[in-house]
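The structure under discussion appears below in the form of C-alpha cells.
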Amino acid sequence: MPISLGELATRFGCDLDGDPDILVNSVAALSNASPDSLSFLSNPKLKKQLSATQAAAVLLRAEDADECPVASLISKDPYATYARMAALLHPSPEVIAGIHASAVIADTAKVASSAQIDALVFIGERTFIGERVYVGPGCVIGPDCKIGDDSRFIANVTLPRQVQVGKRGLFHPGAVIGGDGFGNANTAEGWVKVPQVGGVRIGDDVEIGSNATVDCGAIEDTVIEDGVHIDNLCQIAHNAVIGAHTAMAAATGVSGSAVIGKRCMFGGQSGTVDHIRVCDDVVISGRAMITRNITEPGMYASHFPSEEIGSWNKKVARFRRLDGLYERVRKLEKGEK
Amino acid sequence: MPISLGELATRFGCDLDGDPDILVNSVAALSNASPDSLSFLSNPKLKKQLSATQAAAVLLRAEDADECPVASLISKDPYATYARMAALLHPSPEVIAGIHASAVIADTAKVASSAQIDALVFIGERTFIGERVYVGPGCVIGPDCKIGDDSRFIANVTLPRQVQVGKRGLFHPGAVIGGDGFGNANTAEGWVKVPQVGGVRIGDDVEIGSNATVDCGAIEDTVIEDGVHIDNLCQIAHNAVIGAHTAMAAATGVSGSAVIGKRCMFGGQSGTVDHIRVCDDVVISGRAMITRNITEPGMYASHFPSEEIGSWNKKVARFRRLDGLYERVRKLEKGEK
Amino acid sequence: MPISLGELATRFGCDLDGDPDILVNSVAALSNASPDSLSFLSNPKLKKQLSATQAAAVLLRAEDADECPVASLISKDPYATYARMAALLHPSPEVIAGIHASAVIADTAKVASSAQIDALVFIGERTFIGERVYVGPGCVIGPDCKIGDDSRFIANVTLPRQVQVGKRGLFHPGAVIGGDGFGNANTAEGWVKVPQVGGVRIGDDVEIGSNATVDCGAIEDTVIEDGVHIDNLCQIAHNAVIGAHTAMAAATGVSGSAVIGKRCMFGGQSGTVDHIRVCDDVVISGRAMITRNITEPGMYASHFPSEEIGSWNKKVARFRRLDGLYERVRKLEKGEK
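Residue numbers (our numbering), protein chains in the order written: chain A, 925 to 1261; chain B, 925 to 1261; chain C, 925 to 1261.
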C-alpha cells in the first residue's frame, strides 16, 4: 500500500523537505534502499551512509537534514517515528475471521466471531478468545484462559491453563506462558512437588519473545503489567511481578517472587535471585546478577569484559591470591617486611 | 472436593487446634485467603501476615500456633505437608482414557487403554505408552520411546526418538527430550557432524521444565535418575548423568558427559564444563561455573553481586591493573619504592 | 546394514590391520561394544579401555594400534573418520516422499514430490520445499520460506515467515528461526515496537539445536553462513551475521547486528554485546562476555571458576575493598604508613 510523503508528514507530525507526492511502499536501510522506500537516520554512526542513499526519503533530525540527498522527513525522535511509519507500511498480516477445519476447540470455549483460529490449534475448556485475536498454527491455549482483543499468537505458542492476556498482546513462537513454577519441598524421601495453582495475568500491549517462559504462580498469580517487552529465552519465575513498560533482553532470568519496577531495562543474560525488589527506572547491564534489593534508579552491573585467555587467567590467579597481597601490605604497614 | 480439617490432620499426621468439621476446598496465601481455604506459614518473614489471615486454617509449626487467629494444623515441616495437602485439594486433571480423533498414532505404537492421547498429538513407530499416561495437545513422541505409567506431558513437548521415561514423570510445555547432542569433528573442510545414536533414560518421578532440553547420548544414553527436578530452559548435554533427587533451577547448563551426584541443588544460570564430576550433596550457587571436579559435599559459588555501574567499573579497572599492584608491593618489600 | 571392515577401510582411506571380511552394523563405546560393532579411540584418556574392548574393530591412530586386541582401522583423525563411518552405519531415517493426510499445506505452497511432509505440519503461502526435504510432526513453516534440498526439520520446529534455508540443513525440535527481533523505541508513552521486516538467510549444511532462536532482521536479513553449527538454547539476535563453519555451544547469546567471523568456536553460556565484531578463527571460552571487537585470532575468556562458597565470598569481599588496598600501597610508597 503506497503512501505519499505528504500523508506521512501529516499523520506523524513531521516537517517535510521534499515533494509531498512522492510515494513509498516499504522501509529500507540507508545503504541499500530503493527509490520507493523510506529510510531513517537515528544512530550517528550511520550518518556517513546518508549522502549515498537511494531512498525516496529519509526520516531524520533537523540537524542532519542538510546532508540528505533526497527528501527529508524531520522528526525529533526519528527512531520512534520510524517505528510508527514502518507499522503503517508493513502492517501485521490481516486477521481473517474464522476457525480452520483442523483446529480443535473445546465445547465450552468461546471464540469471538472476528477472531482467526489457524490450522492445528487447540483451544481448551472455558477459554475465551476476544475480538480479532489471531491464534497461529500449532498454538495450544489450554483451559480457563482469557485472551484480550487484537492479541496475536504467532505459532506453536503454549498457554497450558489459566492465563489472562490483555489487549494487543504479541506472543512469539515457542513461548510458554503459565507452565508450572519450580516449587519443591525437600524431605528425607526426596523432593515433594508443590502444586502450582496460580495463574498468569498479563496486561495490555505486552510482547513475549520466542521460547521465553513465564511460570504460573504457586498460589497467587504471576503478573506482567502493561507495555512490558520480554525477549527470547527469558525466564519469569512464579509469582514474579514485572512492572509496566519494563523491557528485558534475551535470556534474562527473573527468579520467584521478584518484584521488578516500572520502566526498567534488563540487558541480556542478566538475572536476579528470588524475592528481590527492584525499584522503577533501573537499568541492569547485560550479564548482571542482582542479589540485593535495588532502591535507587540508576544503572547496575556485575560483568567482566573478556580478554585474551592467557592474560585473563593471570588476572584470575592474582584475584585468587589477593588474600596474600593484603597480608603483605599489612606487614609492610607494620614495618615487618 | 471439600475436605475437613479433621481428615487432613489424620491423613497427614498433624495436630489440629480447631474444629475438625471445618471444610476447606482450596489453598491460598495468608494475606488473601478466604474462609474456605487452607493456608500455611513456613517462611518466618511472612509471620506478620498470620494475625490478619481470613483462612479457614493455617498449617504451621507448633511455635507459631499461639499467634494463629484461626484453626491450626501443626506440622514439623509445614511446607512439605502443605505440598501434600495442596496436591489433594488441587489434583492434576483427571486422565480421561482414549485417543482424540485428531491424534496421529503410528501403526506399531502401543497405547495403554487407560492412557489419554489428546488432540493433535503424534506418536511414532514402536513407541509404548503406559497406563494412565496423559499426552497433551501438540506433543510429539517419536519412534522407539517407552513411557511409564502415570506420566504426564502437558502440551507441545517433543521426544524425537528413543527416550525411556519412568513412572509419574511430568514434562512441561516446549521441553525437548532426546534431541541430538552437539557433536562435531573439526576437519579442514569444516565440521563433520558426529551422529548421535544414543537415547535418553529417565527414572521415576522426574520433572522437566518448560523449554528445557535434554540431549540424547552420542553413543550410550544420557541418564536422568529418579526424583530429579529440572526447571525451565535448562540444558542437559549428551551423555550427562544426573543423580537421583538432584534439582536444577532455571537456565542451568550441564555439559556433555558431566556426572552429577545425588541430592545436588543447582542455582539458576549455573553451568559446568564437560566431563566434570560433582559428588553427592553439593549445592551450586546461582550463576556459578563449575570448571573442576567437586569431591566434597558443600556449597560452591563464583558469582559477583551487581552494584551501581560507576562503582562496578572502577572495581573492574582495579582488577585489571592488579598486576601493577603486585609489582608495587614487591618493590616496597625490597625497599625500592 | 552390515558393512565389512575391508569396505570401510577402502571408502574412508584407512589402513586395516585385521580380517577385511569382518562385518560391523553399529557403533559403540570401547567399554561396552559388542562383537558386531565398531568403536574408536581418539581421546587419550580412554586408552586404558582399549585392551578390554569387545568391539569387532577399533578406529584409532597408528601409534595406538599395537595395543588394540581386535582389528584396527588406522586413521590420522579417528574422530572425524568415526563421524563419517557412523553416518554410514546409522543413517538418518529414510525420507518417504509424500504429504501426510493431517498436514495443512497452503494453496500457493510448492512441495517437491520427493519431500516428506509428516503429520500435523503446517506449510504457509508461497513457501517452497525442496527435494527430499523432511518436515517432521508439528513443524510450522510459515509463508514466504524457501527450503533447500535434503534439509531436515525434526519436529515442532517453527519458521514463522520469510526464512531461506540452504541444502542439507538440520533443525532440531523447538528451534524458532525467524521470530521477531527485539526492537523497541523508547518514548514518553512507553515502548513503540519497531516492526521487524527482514528475514533470515541460512546457508548450506547448517545445524540449529533444540529450542534455539534465530531472529529475523529488523530491515535487512539475519545471516547464518554455510556449515555453521548452533547448539540448543542459543539466541542469535536480529541482523547478526554468523560466519561460515562457526560453532556455538549451548545457551550462547549473540546480540543484534553482531558480526561473527568464520571458523569461530563459542563455549556454552557465552555472550556478546550488540554491534560487536569478532574476526575469523576466534575461540570464546565458556561463559565469556564479549564487550569489545576482537580483531586477532586467539582464545578469549572472562569466567571465574567456582569454589567453596565461604572462600569465594572472602575473595569477593577483598575484591570489593581493592580501592582501600590501592590507597594503602600508595601511602606506603609515600612513606606515610
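From the three backbone atoms N, C-alpha and C, an ideal C-beta is built for every residue, glycine too.
Subject >> alpha helix (DSSP H) runs wholly inside the region 1061 to 1088 of chain B, at least 4 long, in chain order >> reply: none
Subject >> Whole runs of the beta strand (DSSP E) within the region 1118 to 1166 of chain C, excluding any shorter than 3 residues >> reply: Within the region 1118 to 1166 of chain C, the beta strand (DSSP E) runs of at least 3 residues that lie entirely inside it are, in chain order, 1124 to 1126, 1137 to 1139, 1146 to 1148.
Original post:
Using a C-beta cutoff of 8 Å, does residue 1224 of chain C count as contacting chain A?
Top reply: Taking 8 Å as the threshold, the shortest C-beta distance from residue 1224 of chain C to chain A falls below it.
**OP:** Compare the C-beta of residue 1003 of chain C against all C-beta atoms of chain B and say whether one is closer than 8 Å.
**Re:** yes
**OP:** Below 7 Å CB to CB, which residues in the same chain sit around residue 930 of chain B once its five sequence neighbours on both sides are set aside?
**Re:** 940, 944, 945
**OP:** Using beta-carbon positions only, say whether residue 1102 of chain B and residue 1059 of chain B come within less than 8 Å of one another.
**Re:** Their beta carbons are not under 8 Å apart, which means residue 1102 of chain B does not touch residue 1059 of chain B by this criterion.
Original post:
In chain C, which residues lie less than 8 Å from residue 949 of chain A when you measure between Cβ atoms?
Top reply: None at all; the shortest Cβ gap to chain C is about 12 Å.
**OP:** Please confirm if the region 1125 to 1134 of chain B is in contact with the region 1107 to 1115 of chain B, defined as three or more CB-CB distances below 8 Å between the two stretches.
**Re:** Judged by pairs of C-beta atoms under 8 Å, the region 1125 to 1134 of chain B does not touch the region 1107 to 1115 of chain B, as fewer than three such pairs exist.
Subject >> Proximal chain B residues relative to residue 1144 of chain A, where beta-carbon distance stays under 9 Å >> reply: 952, 953, 955, 956
**OP:** Following the continuous alpha helix (DSSP H) through residue 1233 of chain A, name the residue where it begins and the one where it ends.
**Re:** Start and end: 1233 to 1244.
Subject >> Residue range of the unbroken beta strand (DSSP E) whose run includes residue 936 of chain A >> reply: Run containing residue 936 of chain A: none in the beta strand (DSSP E); it sits in the alpha helix (DSSP H), 929 to 936.
Subject >> Rounded Cβ spacing between residue 1013 of chain B and residue 948 of chain B (contact assumed at less than 8 Å) >> reply: 7 Å
Original post:
Between residue 1167 of chain C and residue 1092 of chain C, what straight-line distance do the alpha-carbon atoms span, to the nearest angstrom?
Top reply: 17 Å
Original post:
Start and end of the beta strand (DSSP E) containing residue 997 of chain C?
Top reply: Residue 997 of chain C -> beta strand (DSSP E) spans 995 to 998.
Original post:
What residues from chain A crowd round residue 1256 of chain C, counting only those whose CB sits closer than 9 Å?
Top reply: 1253, 1256, 1257
Original post:
Which chain B residues sit within Cβ distance under 8 Å of residue 1106 of chain C?
Top reply: In chain B, no part has a C-beta under 8 Å from the C-beta of residue 1106 of chain C; the shortest such distance is about 17 Å.
Original post:
Between A:1226, A:980, A:957, A:997, which lies nearest to residue 938 of chain A when the distance is taken from Cα to Cα?
Top reply: A:997
Original post:
Would DSSP call residue 1005 of chain A helix, strand or coil?
Top reply: helix
Original post:
So, does the CB of residue 1239 of chain B fall closer than 8 Å to a CB anywhere in chain C?
Top reply: yes
**OP:** Using a threshold of 8 Å, state whether the C-beta atoms of residue 962 of chain A and residue 980 of chain A are closer than that.
**Re:** yes
**OP:** Look up residue 1037 of chain C in the DSSP assignment and say whether it is helix, strand or coil.
**Re:** coil
Subject >> For residue 1022 of chain B, the three-state DSSP class (helix, strand or coil) >> reply: strand
**OP:** Take residue 1048 of chain A and list the residues in its own chain whose beta-carbon comes closer than 6 Å to its own, dropping the five residues that flank it on each side.
**Re:** 1030, 1066, 1067
**OP:** Pick out whichever of C:1187, C:1080, C:968 has its Cα sitting closest to the Cα of residue 988 of chain C.
**Re:** C:968
Original post:
With 16 other CB atoms within 10 Å as the buried threshold, where does residue 934 of chain C fall?
Top reply: So residue 934 of chain C counts as exposed.
Subject >> the region 1115 to 1125 of chain A touching the region 1143 to 1158 of chain A, judged by at least three CB pairs closer than 8 Å >> reply: yes
Original post:
For residue 1160 of chain B versus residue 1170 of chain B, is the C-beta distance shorter than 8 Å?
Top reply: Contact annotation: residue 1160 of chain B and residue 1170 of chain B have beta-carbon atoms that are not nearer than 8 Å.
Original post:
Should residue 1217 of chain A be flagged as near chain C, meaning a C-beta pair shorter than 8 Å?
Top reply: no
Subject >> Three-way DSSP call (helix, strand, coil) for residue 988 of chain A in this model >> reply: helix
Original post:
Of all the CB atoms in chain A, is at least one closer than 8 Å to the CB of residue 1119 of chain C?
Top reply: Interface with chain A (8 Å Cβ-Cβ cutoff): residue 1119 of chain C is included.
**OP:** Flag residue 1087 of chain B as yes if its beta-carbon sits less than 8 Å from any beta-carbon of chain C, otherwise no.
**Re:** no
**OP:** Give the residues from the region 1163 to 1174 of chain B that approach chain C closer than 9 Å (Cβ to any Cβ), ordered along the chain.
**Re:** When CB distances to chain C are screened at a threshold of 9 Å, not a single residue of the region 1163 to 1174 of chain B falls below it.
Original post:
Tell me the DSSP bridge mates of residue 1217 of chain C?
Top reply: Residue 1217 of chain C pairs with nothing; no bridge assigned.
Original post:
Can you tell which of C:975, C:960, C:1247 has its C-alpha closest to the C-alpha of residue 926 of chain C?
Top reply: C:960
Original post:
What three-state label does DSSP hand residue 1042 of chain C in the structure shown?
Top reply: coil
**OP:** Using 10 angstroms around the beta-carbon of residue 1241 of chain C, count the other beta-carbons present and answer buried if the total reaches 16, otherwise exposed.
**Re:** exposed
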